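> After the structure tokens below, expect a handful of questions from me.
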Amino acid sequence: MGKNKKVIHLIAAARPNFIKIAPLYHAFRKKNWAEPEIIHTGQHYDLNMSDDFFRK
């Protein structure tokens, strides 16, 4: 985390949540004051799907 950056937690449980938070994540990444972090709750966890989201 960078100095003086605010951590923004984006919480996702199932696939539709990841799709909904993606624009927010990318918008916050462009801000010099924000450090977005995705929190995956593990709901409906599937290794292949989870790896696919975090690899891209």
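As numbered in my numbering, residues 15 to 70 make up the sequence shown, in order.
Every residue gets a Cβ at the ideal spot worked out from N, C-alpha and C, and that includes glycine.
Remember, it's a predicted structure, so these values are computed and weren't measured experimentally.
Do you know offhand how far Pro-37's Cα is from Ile-25's?
Spanning the two alpha carbons is a distance of roughly 13 Å.
> Tell me Ile-22's beta-bridge partners as DSSP assigns them.
Pro-50.
> Could you check what DSSP says for Lys-34 in three-state terms: helix, strand or coil?
Of the three classes helix, strand and coil, the one that applies to Lys-34 here is helix, per DSSP.
> Given Asn-46, which residues of its chain have a CB within under 7 Å of its CB, disregarding the five upstream and five downstream residues?
Nothing meets the Cβ criterion.
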